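Quick notes on the structure that follows.
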Amino acid sequence: MNINNEVRKHLIDFLNKVLNQSYTRNEWENFSLSMYQNEALEDIRREVTNTISKNLESDGFKMKAMNKETRDSIQAIIDELKSISI
């Protein structure tokens, strides 16, 4: 099993949940606190965590409505991750 490929798939799954705003508090906490050992995936995780953190509702884990730029940015990351194999 290629662990980096599995992590990439997990990241794609979470990012899709971000777009749908369907992630749970547990998923958000695990995502925001975890650290990927693959540098490229870790850079993406930090970038997305920062984007989400800046736009959290008062409950502390769900994003406010995303603007088009944020949505397009996250979708571009998903598309890029889907196109590569680690």
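Read in order, the letters of the sequence shown correspond to residues 25 to 110 in the numbering used here. Cβ atoms here follow ideal geometry from the backbone N, Cα and C, with glycine treated the same way. Model, not experiment: these values are computed from the prediction.
- In the DSSP annotation of this structure, the continuous segment of the alpha helix (DSSP H) that includes LEU57 starts and ends at 49-57.
- Taking a C-beta distance under 9 Å as the contact criterion, GLU66 and MET59 qualify as a contact pair.
- When the beta-carbon positions are compared, VAL72 and PHE55 come within less than 9 Å of each other.
- Between the alpha carbons of SER82 and LYS88 lies a distance of about 9 Å.
- Our two residues, ILE27 and THR94, have alpha carbons roughly 28 Å apart in a direct line.
- Note on geometry: alpha-carbon atoms of MET90 and SER107 lie some 24 Å from one another.
- Counting only the Cα atoms, VAL31 lies some 25 Å from ASN79.
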